[in-house]
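Asker:
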Amino acid sequence: TTGPTTELRTDPRAVARAALRACGVDPDRPAPPATSPTTGGAAFDVVSPLDGQVVATVPAAGAADVEAAVAAAHETWLRWRTVPAPVRGRLVRRLGDLLTEHREPLADLIGVEVGKIRSEALGEVQEMVDVCDLAVGLSRQLEGRTLPSERPEHRLSETWHPVGVVGVISAFNFPAAVWAWNAALALVCGDTVVWKPSERTPLVALAASALLERAAAELGMPAGLNRTVVADATGAAPLVDSPLVPVLSATGSERLGREIAPRVAARFGRAILELGGNNAAIVTPSADLDLAVRGIVFAAAGTAGQRCTTLRRLIVHESVADELLARLSTVYSGLRVGDPFDPATLVGPLFSAATHDAMRAAVDEAVAGGGSVVVGGERVAVGPQRAHYVRPAVVEVPAQLDVVRRETFAPVLYVLRYREFEEALALNNDVPQGLSSAVFTRDQREAELFTSVVGSDCGIANVNIGTSGAEIGGAFGGEKSTGGGREAGSDSWRAYMRRATTTVNFSRDLPLAQGVDFGS
Ligand code: UN1
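Per full-length UniProt numbering: the sequence shown = residues 12 to 531.
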């Protein structure tokens with residue numbers, strides 16, 4: 012531990028209580044709306060990463076509760092699917108308005124539960140509002156196609172129908188926005204939702220679900236279109252295994268994906284997977300270094316390195332590496348680490364002691380493999396010692412070591428040097444994960460190559476912008492061990508619906524396709 016203890020002015024418990032109340036959740040008994048009391052009697056303690064103390068206790072849903080929530084959501088779906096999509100859109104529009112009105116308390120809860128700095132917590136709420144806007148627009152555009160039939164006086168067309176209950180499993184680091192990406196789309200698509208937030212960040216989930224419930228009540232729409240279940244993996248089993256959940260959207264570790272994907276596949280369900288990332292940026296000799304430094308620092312140190320899109324690998328041309336590292340070193344040394352509610356703070360706490368352990372182990376492994384720490388990695392004393400504040404680290408490594416090829420969900424940026432652009436591209440792609448990637452260059456040939464078929468193999472390939480902070484307008488997701496799912500914008504909505512292909516014969520004849528002759 013270095014330096015003096017920085018003051019922690021925020022009282023997480025008081026902030027959480029006031030924010031829950033503002034969103035219509037009883038702070039003395041925080042529980043999901045529209046659900047019967049849970050069966051187990053077990054409960055989860057919510058620990059704030061700001062000071063390591065318990066801020067609330069939430070009753071745990073067991074497998075029987077989750078099973079009941081799925082059955083109830085299915086019943087609600089039978090009615091909801093017949094409501095016209097533009098009418099469903101009104102619900103999501105009202106949800107977006109309520110989220111906007113409650114952006115401060117929602118951001119408070121994200122700050123208390125995750126440790127996000129104010130601007131990023133507000134940004135997460137904005138991301139929810141943005142996806143509501145997108146979904147409202149989509150509610151009038153869930154279009155099918157009419158295709159040329161090979162037969163005369165025939166029409167070939169497709170219609171998109173609601174699919175049923177969509178299960179959503181979300182992670183601690185985007186405890187509300189990932190639900191909104193899924194729920195806003197699912198609701199306009201005519202589906203209902205059962206949401207299992209991380210049991211370590213349930214409070215903002217309870218608040219967001221309460222606002223949706225309020226929106227539905229105000230508009231005279233059904234209660235329980237979304238059912239939130241605060242459960243662990245065992246309790247959540249019905250979401251994974253029930254045939255009443257045709258689509259399961261899961262965000263989390265690669266381990267989570269390996270556990271659930273085969274089970275969803277075994278019942279022929281559809282899984283939308285958003286798993287790990289190990290995102291790289293290439294900095295070429297022509298890069299605008301001022302811009303690159305800013306892009307790199309936000310992507311690598313923002314959210315204390317705990318986004319799935321966090322920049323974890325920097326692949327720098329040898330001609331600019333020394334200068335870039337010197338500049339990064341200066342900026343990292345000055346990064347304000349501390350109370351995330353202090354507007355001057357840029358780096359809040361790590362989520363947990365386990366995150367801190369994983370970070371230290373990763374840095375040690377990189378050093379043992381011949382790497383050297385350029386800057387950071389040390390603990391910063393903020394408030395009581397039960398919390399884990401660190402200076403984000405930059406570690407230069409001689410090669411893409413095993414530890415570099417793994418995702419460590421903490422602020423460690425590995426730096427590799429390259430000579431030829433093709434070598435940089437190969438390094439970018441030579442990891443199991445395939446979520447996000449970036450190139451900083453002013454050379455159009457390099458930029459085009461990076462985004463071409465032989466360039467980055469990731470779901471996101473950016474030019475002169477970091478790897479994180481995607482807008483919701485595009486499809487979000489990645490390849491390889493990232494899981495292949497796509498959420499949010501573009502045509503991601505199709506994954507939340509089923510397609511019916513229809514051939515209509517309006518002739519007086521019965522010509523068979525492929526010219527088949529079957530008598531008469
Ligand atoms: C995540 O970390 O799970 O692109 C999602 C981004 C955000 C979403 C991150 N819009 O960084």
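Where a beta carbon is used, it is the ideal one built from N, C-alpha and C, also for glycine.
Measure the C-alpha to C-alpha separation of S160 and Q525 and round it to an integer number of angstroms.
Answerer: Cα to Cα, S160 sits roughly 11 Å from Q525.
Asker: Going straight from the alpha carbon of S531 to that of A234, what length do you get?
Answerer: C-alpha separation (whole angstroms): 56 Å.
Asker: Quick check on V66: does DSSP put it in helix, strand or coil?
Answerer: Correct three-state label for V66: strand.
Asker: For S479, is the beta carbon positioned less than 8 Å from some heavy atom of ligand 1?
Answerer: Yes.
Asker: Please classify H113: does DSSP put it in a helix, a strand, or coil?
Answerer: Coil, per DSSP.
Asker: If you count every other CB in all the chains shown that lies within 10 Å of the CB of T21, and 16 or more means buried, which is it?
Answerer: Under this definition T21 is a buried residue.
Asker: Between which two residues does the alpha helix (DSSP H) harbouring T462 extend?
Answerer: Looking at the DSSP string, the run of the alpha helix (DSSP H) that includes T462 is 455 to 462.
Asker: Buried or exposed for Q444, please, with buried defined as at least 16 other CB atoms from any protein chain shown within 10 angstroms of its CB.
Answerer: Counting Cβ neighbours within 10 Å, Q444 comes out buried, since at least 16 surround it.
Asker: Grouping DSSP H, G and I as helix and E and B as strand, with all else coil, what is S447?
Answerer: Strand at S447.
Asker: Can you grab the Cα-Cα spacing for the pair R105 / A33, in whole Å?
Answerer: Going from the Cα of R105 to the Cα of A33 covers about 17 Å.
Asker: Which whole runs of the beta strand (DSSP E) in the region 470 to 501 are 3 residues long or more, in chain order?
Answerer: With a minimum length of 3 residues, the continuous beta strand (DSSP E) runs that stay inside the region 470 to 501 are 471 to 474.
Asker: Can the beta-carbon of R90 be found closer than 9 Å to that of L230?
Answerer: Contact flag unset, no.
Asker: Under DSSP, the beta strand (DSSP E) around G178 begins and ends at which residues?
Answerer: Where G178 is concerned, the enclosing beta strand (DSSP E) stretches over 176 to 180.
Asker: Consult DSSP for P173 and reduce its assignment to one of helix, strand or coil.
Answerer: Here P173 sits in strand by DSSP.
Asker: Among the candidates T87, L223, E124, whose CA atom is the shortest distance from the CA of T314?
Answerer: Ranking the options by Cα distance to T314, first place goes to E124.
Asker: Would you check if the region 55 to 73 and the region 144 to 153 touch, i.e. whether three or more CB-CB distances between them fall below 8 Å?
Answerer: These segments do not touch.
Asker: Would you check if the distance between the CB atom of V391 and the CB atom of G349 is smaller than 9 Å?
Answerer: In this structure, G349 lies closer than 9 Å to V391 by Cβ.
Asker: Assign T452 to one of three DSSP states: helix, strand, or coil.
Answerer: Reduced to three states, the DSSP call for T452 is coil.
Asker: When we look at the beta-carbon of E112 and count the other beta-carbons within 10 Å, is it buried (16 or more) or exposed?
Answerer: Result: exposed.
Asker: Less than 9 Å between the C-beta atoms of V258 and P249, yes or no?
Answerer: Result no, Cβ atoms of V258 and P249 do not sit closer than 9 Å.
Asker: Would you say the beta carbon of F185 is closer than 8 Å to some non-hydrogen atom of ligand 1?
Answerer: Because some heavy atom of ligand 1 lies under 8 Å away, the Cβ of F185 counts as near it: yes.
Asker: Grouping DSSP H, G and I as helix and E and B as strand, with all else coil, what is V401?
Answerer: V401: strand per DSSP, three-state reduction.
Asker: Can you tell which of L167, W171, V405, A83 has its C-alpha closest to the C-alpha of R509?
Answerer: Measuring from the Cα of R509, the nearest candidate turns out to be W171.
Asker: Determine, using beta carbons only, whether E329 and R430 come nearer to each other than 9 Å.
Answerer: The answer is yes: Cβ separation under 9 Å.
Asker: Using a threshold of 9 Å, state whether the C-beta atoms of A187 and I271 are closer than that.
Answerer: No, they are not a contact pair.
Asker: Identify the continuous alpha helix (DSSP H) that holds S344 and give its terminal residues.
Answerer: Counting along the chain, the alpha helix (DSSP H) containing S344 begins and ends at 329 to 345.
Asker: Kindly provide the ranges of any alpha helix (DSSP H) runs that are 4 or more residues long and lie completely inside the region 177 to 257, ordered along the chain.
Answerer: Counting only runs of 4 or more, we get 188 to 199, 213 to 229, 248 to 252.
Asker: Rounded to a whole number of angstroms, what is the C-alpha to C-alpha distance between I180 and G126?
Answerer: Distance between the alpha carbons of I180 and G126: 20 Å.
Asker: According to DSSP, is V408 helix, strand or coil?
Answerer: The answer is coil: DSSP assigns V408 none of H, G, I, E or B.
Asker: With distance defined between alpha-carbon atoms, name the residue in R318, A96, S447 nearest to G263.
Answerer: It is R318.
Asker: Let's test the definition: count the other Cβ atoms within 10 Å of the Cβ of A26 and tell me whether it reaches 16, buried, or not, exposed.
Answerer: Inspection of the sequence shows that residue 26 is occupied by Val rather than by Ala. Flag for V26 reads buried.
Asker: Near A211, which residues of its chain fall below 6 Å by C-beta distance, leaving aside the five closest residues on each side in sequence?
Answerer: Correcting the residue identity first, residue 211 is Arg in this sequence and not Ala. If we look at R211 and ignore the five residues flanking it on each side, its Cβ neighbours are F183.
Asker: Use the C-beta contact count for P163: other C-beta atoms within 10 angstroms, 16 or more gives buried, fewer gives exposed.
Answerer: Exposed: under 16 other Cβ atoms inside 10 Å.
Asker: Within the continuous alpha helix (DSSP H) that includes F432, where are the two ends?
Answerer: It spans 432 to 440 - the alpha helix (DSSP H) in which F432 sits, taken as one unbroken run.
Asker: Given this structure, state the Cα-to-Cα distance separating P522 from T514, to the nearest angstrom.
Answerer: Rounded to the nearest angstrom, the two C-alpha atoms are 12 Å apart.
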